[in-house]
Structures are given as structure tokens and as C-alpha cells.
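Working notes, structure below.
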Amino acid sequence: MNINRRGLTTKQIFLGFTLLETLVIVVVVGVLASLATVSLSSARGRALDIKRLSEIRQLQNALDRYLNEYDFYPTDNQIIPGQPFLSSDGFKTYMAKVPMNPKSRSGGGCPDKEYVYRQGTEGKTYNINYCLIQGFADLVADNCVALPGLLCVQNDICSCEDNLKPCCGYCAVGSTCLP
């Protein structure tokens with residue numbers, strides 16, 4: 001009890017939190033922070049997958065323009081991530097820069113590799129190998145192969161029978177590649 005200036009006794013009121021209240025607040029803030037981190041990580045993976053799909057679609061459009069002009073798809077050494085995609089004579093640019101797999105590319109079973117382009121039989125088809133971390137819409141998170149007109153075919157239809165020359169680029173265990 002305290003005595004104020006008028007001589008009356010007053011009860012002292014303690015302001016602040018008790019130890020238990022403080023611990024409860026710390027636990028609640030910790031749970032919210034971990035939920036936010038998981039949500040942010042999920043959103044980041046989804047954004048990277050959307051970017052990958054967009055880049056693969058842009059590359060497919062450039063490959064189609066090349067096919068319309070030359071009646072076959074370019075050779076493997078014409079499609080190098082980070083380099084310009086030029087005509088065989090080097091005078092026409094189909095892409096200023098072939099897209100590179102975005103950083104933070106590993107996760108969800110994805111290898112840390114660039115996109116892999118392979119010209120198919122007699123230049124009439126191609127494979128672009130890439131990986132989705134979380135998947136998007138009806139596309140599952142996994143190694144994917146883009147074929148002419150198709151954005152993603154799951155890599156399990158591919159076959160890599162000799163590991164010396166990976167035909168699918170990623171060569172998942174037990175998978176086989178199309179010619």
C-alpha cells in the first residue's frame with residue numbers, strides 16, 4: 001500500500017506482462033513466423049516454376065520460327081543457355097539470349113542444371129529438358145520434357161539406357177528417352 005499526498009492509501013498497480021504471458025506471446029509469434037516462412041517459400045517455388053514455363057514457351061516459339069524458315073530444328077550447339085539463338089549463318093537472331101534456368105533451381109527432386117535442348121531425329125523434332133519444383137496447374141513437380149507443341153511431358157516416358165550419354169539431359173533413374 002502506498003500513501004498519496006492527501007494521506008489516502010492506494011493500492012499499487014503493476015503494469016506489464018507476467019512471465020507466462022510473455023512466453024505465450026513469444027510462442028505465438030514463433031508459430032506465425034514459421035507459417036509465414038513456409039508460405040513464402042511455397043510462393044517463391046511457384047513463381048520460379050511459372051517463370052520456367054514462360055521461358056520454355058518463349059524458346060519453343062523461337063524454335064517454331066526457325067523451323068518455318070529452315071524446315072528443320074536447330075542443332076544442339078545452336079541452343080546454348082545464356083547465348084543468343086542465331087540462324088545457322090549467324091545473321092538472323094531468333095532470341096537475343098536463350099533462357100537460363102533461374103537460380104534456386106534445386107529443390108523438390110530437381111537437379112541443379114540448365115535447360116537441356118536436344119535436336120531430334122533428322123531435325124524434325126526436339127526435346128527441352130527442365131524441372132518443375134512444385135508444379136503448376138495440371139503439371140506435376142518433376143523432371144519434364146518439352147516437345148514440339150507440348151509444354152510438358154513427364155520425364156518417365158524417357159529412357160536413358162546408357163548413363164554415358166544422357167539422352168534426356170537429366171536422366172532420372174529408371175527413365176528411358178524417346179529418340
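Anchor point for the sequence shown: position 127 equals 127 in the numbering used here, and the numbering is continuous, going up by one each time.
Every residue gets a Cβ at the ideal spot worked out from N, C-alpha and C, and that includes glycine.
Inset, instruction - Determine, using beta carbons only, whether E122 and N101 come nearer to each other than 8 angstroms. - result: no
Legend entry - As assigned by DSSP and simplified to three states, the class of I157: Confidence at I157 is low in this model, with a pLDDT of 43, below 50, so the placement of that residue should be treated as unreliable; the coordinate-derived value is given next. DSSP places I157 in helix when its eight states are reduced to three.
Inset, instruction - Could you tell me the distance, in whole angstroms, from the CA atom of S175 to the CA atom of T37? - result: Only weak support is given to the placement of S175: the predicted model assigns it a pLDDT of 43, under 50, and the value that follows is read from those uncertain coordinates. When rounded, the distance between both Cα atoms is 34 angstroms.
Legend entry - Neighbourhood of P84 by C-beta distance below 7 angstroms, restricted to the same chain and skipping five residues each side: Cβ within range, chain order: T93, M95, A96 and K97.
Inset, instruction - Starting from I128, follow the beta strand (DSSP E) in both directions and report where the run begins and ends. - result: Y126 to C131
Inset, instruction - Identify whether T37 lies in helix, strand or coil by the three-state DSSP scheme. - result: T37: helix per DSSP, three-state reduction.
Inset, instruction - Pull up the DSSP beta-bridge partners for V116, would you. - result: N129
Inset, instruction - Excluding the 5 residues preceding and the 5 following P148 in the sequence, name in chain order all residues of the same chain whose CB lies nearer than 7 angstroms to its CB. - result: Excluding five sequence positions before and after P148, the CB atoms of its chain that fall closer than 7 angstroms to its own CB belong to T125 and Y126, given in chain order.
Legend entry - CA nearest to the CA of S88, picked from V26, K103, C131 and Y70: Y70
Legend entry - Distance, A43 Cα to L59 Cα: Annotation: L59 to A43 spans about 24 angstroms, alpha carbon to alpha carbon.
Legend entry - Alpha-carbon to alpha-carbon, G30 and Y117: 45 angstroms
Legend entry - Secondary structure of N101, DSSP reduced to three states: In this structure, DSSP gives N101 a state outside helix and strand, which the three-state scheme calls coil.
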